[in-house]
Amino acid sequence: MKQANGTTHSELHLARTLGIPEVALLGIGALLGGGVFTLLGHAAGLAGGGLVLSMLLGSAIAFINLNSYIALATTFPAAGGGYHWVSEGLGSVQGFLSGWFSWMASAVACSLYAVSFGFIAEEFFFDFLAFSPGGWSSAAWSLFFTLFAVVVFGMVNYRGVKLSGKIGGAIVLVILSLLGAFILFGLKHAALHVELVAYNFSAFLPMGLAGVLQAAALFYIAFEGSEIQAQTGEEVKNPARALKHGLFISWGVVSAVYVLIALVIIAATDGGGTPSWQFIGGAADRAMIAAGSQFMPFGYMLMLVGGLLANLAAMNATIYSSSRVLFVLGRDKLVWQKLGVMHPIHFVPTRALLLSLVIIIAAATLLPLKDIAGLADILFIGLFLQLNLAYIQLRREKPEVKWQYIVPLEPYLPLLGVACYIALGVALFHVSPTAIYFFGTWLLLGLVNYLGYAKYVEREDHERDVVYEHSVRFHPKSEYRVVLPVGDESDWRKLLDIASAMTREEGGDLIALRIHEMKEGQNADDAFHSEREEHLLHAIEEDMSKKRLNVDTRIVSSSSVPEAILDTIIEENADLVLMNWDGDVDTKGFVFGRKVDVVLHRAKCDMLTVKLGSGEKMDRVFIPVAVDANPNLRFTGKVATALYRTFGAKVTVAMVVPEDVRGKGDEYYRSILEERVVELKMKIPGGVESKVIFSDYVASGILKSTEGAYDVVLLPAARGGITKVIGVGSIPEQVAKQCRRKTVLIAKGHRGIGKPFWEYIKERF
Numbered sequence: 001m002k003q004a005n006g007t008t009h010s011e012l013h014l015a016r017t018l019g020i021p022e023v024a025l026l027g028i029g030a031l032l033g034g035g036v037f038t039l040l041g042h043a044a045g046l047a048g049g050g051l052v053l054s055m056l057l058g059s060a061i062a063f064i065n066l067n068s069y070i071a072l073a074t075t076f077p078a079a080g081g082g083y084h085w086v087s088e089g090l091g092s093v094q095g096f097l098s099g100w101f102s103w104m105a106s107a108v109a110c111s112l113y114a115v116s117f118g119f120i121a122e123e124f125f126f127d128f129l130a131f132s133p134g135g136w137s138s139a140a141w142s143l144f145f146t147l148f149a150v151v152v153f154g155m156v157n158y159r160g161v162k163l164s165g166k167i168g169g170a171i172v173l174v175i176l177s178l179l180g181a182f183i184l185f186g187l188k189h190a191a192l193h194v195e196l197v198a199y200n201f202s203a204f205l206p207m208g209l210a211g212v213l214q215a216a217a218l219f220y221i222a223f224e225g226s227e228i229q230a231q232t233g234e235e236v237k238n239p240a241r242a243l244k245h246g247l248f249i250s251w252g253v254v255s256a257v258y259v260l261i262a263l264v265i266i267a268a269t270d271g272g273g274t275p276s277w278q279f280i281g282g283a284a285d286r287a288m289i290a291a292g293s294q295f296m297p298f299g300y301m302l303m304l305v306g307g308l309l310a311n312l313a314a315m316n317a318t319i320y321s322s323s324r325v326l327f328v329l330g331r332d333k334l335v336w337q338k339l340g341v342m343h344p345i346h347f348v349p350t351r352a353l354l355l356s357l358v359i360i361i362a363a364a365t366l367l368p369l370k371d372i373a374g375l376a377d378i379l380f381i382g383l384f385l386q387l388n389l390a391y392i393q394l395r396r397e398k399p400e401v402k403w404q405y406i407v408p409l410e411p412y413l414p415l416l417g418v419a420c421y422i423a424l425g426v427a428l429f430h431v432s433p434t435a436i437y438f439f440g441t442w443l444l445l446g447l448v449n450y451l452g453y454a455k456y457v458e459r460e461d462h463e464r465d466v467v468y469e470h471s472v473r474f475h476p477k478s479e480y481r482v483v484l485p486v487g488d489e490s491d492w493r494k495l496l497d498i499a500s501a502m503t504r505e506e507g508g509d510l511i512a513l514r515i516h517e518m519k520e521g522q523n524a525d526d527a528f529h530s531e532r533e534e535h536l537l538h539a540i541e542e543d544m545s546k547k548r549l550n551v552d553t554r555i556v557s558s559s560s561v562p563e564a565i566l567d568t569i570i571e572e573n574a575d576l577v578l579m580n581w582d583g584d585v586d587t588k589g590f591v592f593g594r595k596v597d598v599v600l601h602r603a604k605c606d607m608l609t610v611k612l613g614s615g616e617k618m619d620r621v622f623i624p625v626a627v628d629a630n631p632n633l634r635f636t637g638k639v640a641t642a643l644y645r646t647f648g649a650k651v652t653v654a655m656v657v658p659e660d661v662r663g664k665g666d667e668y669y670r671s672i673l674e675e676r677v678v679e680l681k682m683k684i685p686g687g688v689e690s691k692v693i694f695s696d697y698v699a700s701g702i703l704k705s706t707e708g709a710y711d712v713v714l715l716p717a718a719r720g721g722i723t724k725v726i727g728v729g730s731i732p733e734q735v736a737k738q739c740r741r742k743t744v745l746i747a748k749g750h751r752g753i754g755k756p757f758w759e760y761i762k763e764r765f
């Protein structure tokens, strides 16, 4: 329940009605559609006898992606699928784009299945049943059946997921029976005609491995069911169990069916003097029908019926998917807000469903089938690539979460998935350049919508939660922003001195936040706002005024202190946040406590974790550095420079090395120490003192060296590459917890995911 401006708004959620069978059948229905009955011939024309390898490759890539989906869907079940997780892991812009891609991908995939249904229905009625076309052309009837199917299944989805789930589930079981018969009769025919099998596989890779990759890229739409199933998160009973089993079951069933069908259709089809892959490639959209007619009793009729049912099942799943993603985008105010409204009786996102139907009809009417498939492929590839990166980032940023499933061999398996999707995207350009150009256009339209509409609405919403706000300016608003949450601590002035030192160093603005944590159901306008708090904020303004620095002071109400800080960082595009830590850990499993840890792992900016000491001075600064390079050194050097310029601090840089190297490798370690001093890039005239400390225990060596001699211990955060979940390692943690009287600063520079990945590659290769 959220309240703003005196008005109550209920958070919209979908009813939980689905179990393991429904989730599994939903995925199988989405997968066994146009992929098999429409694209198999096109894929065979690209890969030749290597079609079996294309199916195996697509299945393997889908398995990698499946693991990330299971981990995220079972831990964070929600309607909208990948959109929510990419938003959490990679930020709001990437999150919106993933939802933008997912919506269009599902809609375009539905167009593919609708077009496939249209031409199969035309052949069924006017070739098989021999009805009179009544003066209409084949193309006109195909278009009629295409539009008819879209409208009918739009109405079915309008009645609600329970009804459409029953219809879709029944269709899927019939399709599996037909494809099972196709495989069995095909294997029997191949066993009786061994010479035909040998001939068909005589040129196994006529187009080379590039053809195999291109076929896998074109056919990959047949493996996109994970996203559709994941979008049922809000409608699934016991999501941790149902989603995991449903996703694995559908992948296993579909992968086995695809590989066996590819094997059978190449091995058992008689091309009449030409290799089967050429015959099937020429049949294109009719490949399954042409092959089934040869070796399956009543094969022509059964494959026509199977094609009709498969495409209907896939249409059902993708109409459902596209409307749900658009509903969530509307609910989150990233597109027109009324798209996030549900029907009061059927509890279906009516407007989202109607707009999705318009997109489906437009794509089915205007684009050739191969380009429709290519566009759906590249949109899903873009989404899946983002999702695997988001999984890596969320595992690193959310140590407090109890993960229901963890991807094996992380982060290597998701990174392998990212590399595979890049390869598929490149291969797809050679199959359908039009699809790639349309993808680029859709990406630009999404950015225009986000920057022109969604970001504006997001800022409006955030401002409703600001109970008090005041600004003091001495120069134009700066691009550099420092966020300082102010708690109840009495020594806020010392914390402000550190924040103002960083603000002055970068010529930036300070944003001082006082946050009220609201209880459930409490109105934001009722947040406690006392004269004492205003006096505190006025004191901050007076202090900053004496230093002639810009400052914004705010009282913000929120149900979560960490989320309020993170929202402010995103809204202001902040460069630095300071978090005060009192030395206690309020929750088991956390390093610095829940509030600090959540911000530490999710803030997309530099961060200083501050543990204030008992002394007032900050004249002497001690910086311990490790033997290994640390990407946080550059930001640590900025902090040291700011402390020097504000307090005239003298800086000492030290390295702790084992006792057994004393007198043996002194010069070696001193040379490394000098390298680390250079990497700090401090701007301190006259330089700094540097020294090597001999101790077998790093933390105790640092603590002993600082006793009585220094006011501040400035620690670079431990190196937290993409392979680590915790970004602050055990040494800074131990020193911070055991350093009782001195002020401890832990400096963690923000690098995102791209820089750690690049550093990891450089280090390994």
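Quick note on numbering: UniProt numbering labels position 732 of the sequence shown as 732, and the sequence is numbered without any gaps. Ideal Cβ positions, reconstructed from N, Cα and C, are used throughout, including at glycine.
Whether residue i touches residue j by CB criterion (9 Å)
| i | j | result |
| --- | --- | --- |
| residue 54 | residue 290 | no |
| residue 639 | residue 502 | yes |
| residue 218 | residue 374 | yes |
| residue 694 | residue 744 | no |
| residue 398 | residue 607 | no |
| residue 145 | residue 101 | no |
| residue 556 | residue 569 | no |
| residue 278 | residue 446 | no |
| residue 381 | residue 220 | yes |
| residue 604 | residue 750 | yes |
| residue 486 | residue 540 | yes |
| residue 364 | residue 111 | yes |
| residue 484 | residue 512 | yes |
| residue 780 | residue 630 | The requested residue 780 does not occur in the structure, where the chain is confined to residues 1 to 765. |
| residue 182 | residue 303 | yes |
Residue from the options whose Cα sits closest to the Cα of residue i
| i | options | result |
| --- | --- | --- |
| residue 538 | 508, 415, 496 | 496 |
| residue 288 | 274, 275, 273, 269 | 269 |
| residue 200 | 708, 536, 478, 48 | 48 |
| residue 212 | 435, 111, 427 | 427 |
| residue 245 | 22, 485, 547 | 22 |
| residue 563 | 130, 515, 136, 610 | 515 |
| residue 41 | 278, 474, 77, 284 | 284 |
| residue 705 | 663, 653, 733 | 653 |
| residue 598 | 552, 88, 325 | 88 |
| residue 187 | 716, 397, 267 | 267 |
| residue 480 | 469, 504, 468 | 504 |
| residue 672 | 388, 550, 147, 657 | 657 |
| residue 28 | 339, 170, 371, 475 | 170 |
| residue 369 | 142, 644, 175, 737 | 142 |
| residue 36 | 249, 531, 292 | 292 |
| residue 344 | 378, 158, 376 | 158 |
| residue 617 | 655, 709, 624 | 709 |
The beta strand (DSSP E) enclosing residue i, as first and last residue numbers
| i | result |
| --- | --- |
| residue 347 | Looking at the DSSP string, residue 347 is not in any beta strand (DSSP E), and its letter there is neither H nor E. |
| residue 221 | Taken as a continuous stretch (DSSP letters only), residue 221 belongs to no beta strand (DSSP E), as it is neither H nor E. |
| residue 481 | 481–485 |
| residue 516 | 509–517 |
| residue 202 | Looking at the DSSP string, residue 202 is not in any beta strand (DSSP E), and its letter there is neither H nor E. |
| residue 552 | 551–558 |
| residue 69 | That residue, residue 69, is in no beta strand (DSSP E); its alpha helix (DSSP H) goes 51–75. |
Alpha helix (DSSP H) segment containing residue i, residue limits
| i | result |
| --- | --- |
| residue 295 | 287–295 |
| residue 619 | Unbroken run through residue 619: none, as it is neither H nor E. |
| residue 534 | 531–546 |
| residue 690 | From DSSP, residue 690 is part of no alpha helix (DSSP H) but of the beta strand (DSSP E) over 689–694. |
| residue 97 | 92–123 |
Taking contact to mean 3 or more Cβ pairs, one atom from each stretch, closer than 8 Å, check whether the segment 251–263 and the segment 68–79 are in contact.
Touching, no.
Could you tell me whether the segment 342–360 touches the segment 404–414, using the rule of 3 or more Cβ pairs below 8 Å?
Judged by Cβ distances under 8 Å, the segment 342–360 makes no contact with the segment 404–414, as fewer than three pairs qualify.
Any 3 or more C-beta pairs closer than 8 Å across the segment 91–105 and the segment 292–300
These segments do not touch.
Three or more C-beta pairs under 8 Å: does that hold for the segment 59–69 against the segment 319–328?
Judged by pairs of C-beta atoms under 8 Å, the segment 59–69 does not touch the segment 319–328, as fewer than three such pairs exist.
State whether the segment 628–647 contacts the segment 679–687, with contact taken as three or more CB pairs (one from each stretch) at a distance under 8 Å.
Yes, the segment 628–647 is in contact with the segment 679–687.
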